[in-house]
Amino acid sequence: MKLQNKVALVTGSSQGIGRGIAVRLAEEGADLVINGRHDDDESRETLEQVRALGRHACFIATDVGVVAECQRLVAQAIEQMGRLDILVNNAGVQRHSPFLDAGEGDYDLVLNVNLRGPFFLAQAFARHLRDTGRGGRIINNSSVHEELPFPNFTGYCLSKGGLKMLMRNLAIELAPLGITVNNVAPGAIETPINRALMNQPEKLAGLLNNIPAGRLGQPRDVAGAVAFLASDEADYITGTTLVVDGGLLWSYTEQ
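Each residue of the sequence shown is one higher than the last, beginning at 0 in numbering that gives the first Met the number 0.
Now the structure itself:
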């Protein structure tokens, strides 16, 4: 197992891609801090799946769009698990709105969760590693939309583009501490957030026509990339984005 004796914090891991990442890291030997906004049935399901693999796990409810909550999350995770080695900034939100109609509330929500949270979570995590004299891994779940325009989702694209530059800057600043920083950029993944798409055959067919692999991605596809970047095999990889999209990014033509 690649991550034996490691402890990972995965934000937004009560369902979807986050759950897939948490379970995969557990399969590789890591103990887990599961995170979501609420202690609910979905978060408990993730906990059960991780513990069924024989790993230690705890759940901490947090709104990662609030700086004080981010700092509390890292501090409480360390208190409960003894240490942290891997941070996966997975939590994210999106809001559909034409640019001319976009409001301040939706803008703040998207930027706070998708960019402000990862910034201050990474800061608290990196300070912990610095103070304990250990290296570690920061992996951000970005999107193909850190590169690809997506009309009516300008705030979302802005947040992911910012996450790309955050990753690149931190890769340089934190390298002397033995901390690698990378992004994973999923394309179209079959998760609860995309459930509406699954009920619209014409839209789904149009999307699949833009994916050379001919299928939607699964949470396990993203989780595998995260597990690799978290492992010693990726020790010399930092400051880059690993795209997991079945070829969509360089094939997409329909805006």
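Just so it is clear, CB atoms sit at the ideal spot from N, CA and C, and this is done for glycine as well.
Check whether residue i and residue j have beta carbons under 9 Å apart
{"i": "G28", "j": "S12", "result": "no"}
{"i": "L114", "j": "S42", "result": "no"}
{"i": "A21", "j": "V63", "result": "no"}
{"i": "D30", "j": "R54", "result": "yes"}
{"i": "V73", "j": "A7", "result": "no"}
{"i": "L162", "j": "A125", "result": "no"}
{"i": "V32", "j": "A76", "result": "yes"}
{"i": "G17", "j": "T10", "result": "yes"}
{"i": "L147", "j": "L248", "result": "yes"}
{"i": "F276", "j": "V49", "result": "Summary: the structure shown does not reach residue 276, with the chain confined to residues 0 through 254, and so no result is reported for it."}
{"i": "R129", "j": "L176", "result": "yes"}
{"i": "C69", "j": "A123", "result": "yes"}
{"i": "P211", "j": "S250", "result": "yes"}
{"i": "G154", "j": "L110", "result": "yes"}
{"i": "P97", "j": "P150", "result": "yes"}
Candidates the options: closest to residue i by CA position
{"i": "L108", "options": "A121, L120, R94", "result": "R94"}
{"i": "M166", "options": "R136, Q79, G177, N181", "result": "N181"}
{"i": "G186", "options": "H144, F152, M164, P150", "result": "H144"}
{"i": "L169", "options": "R50, T239, S142, R194", "result": "T239"}
{"i": "I85", "options": "R133, D100, M0", "result": "R133"}
{"i": "R136", "options": "S142, L83, I188", "result": "L83"}
{"i": "I59", "options": "R71, T190, F119", "result": "R71"}
{"i": "V222", "options": "N4, M0, G15, Q3", "result": "Note that residue 222 is Ala in the sequence shown here, rather than Val. The residue with the shortest Cα to Cα distance from A222 is G15."}
{"i": "M164", "options": "S141, L52, C69", "result": "S141"}
{"i": "A101", "options": "F152, G205, G81", "result": "F152"}
{"i": "D234", "options": "I188, I138, M197", "result": "I138"}
{"i": "N224", "options": "M0, L24, N4, Q3", "result": "The residue you asked about is not Asn; residue 224 is Ala in the sequence shown. Looking at the Cα atoms, L24 is the closest of the given residues."}
{"i": "H37", "options": "T252, T61, H127", "result": "T61"}
Identity of the residues DSSP links to residue i by a beta bridge
{"i": "R136", "result": "I85, T179"}
{"i": "A7", "result": "L31, I85"}
{"i": "T240", "result": "N182"}
### Query
Is it a yes or a no for the stretch 196–215 touching the stretch 148–167, going by three-plus beta-carbon pairs under 8 Å?
no
key: Contact between the stretch 223–243 and the stretch 43–52 (3+ Cβ pairs under 8 Å)   = no
* Okay, do the stretch 219–230 and the stretch 177–191 touch, 3+ Cβ pairs below 8 Å being the bar? -> yes
### Message
Runs of 4 residues minimum, wholly inside the stretch 25–70: which ones carry the alpha helix (DSSP H) assignment?
### Response
40–51
**Asked** Can you list the alpha helix (DSSP H) stretches of 4 or more residues lying completely in the stretch 169–218, in chain order?
**Response** 194–197, 200–207
Contiguous alpha helix (DSSP H) assignments of at least 4 residues, all confined to the stretch 96–161: 103–110, 116–131
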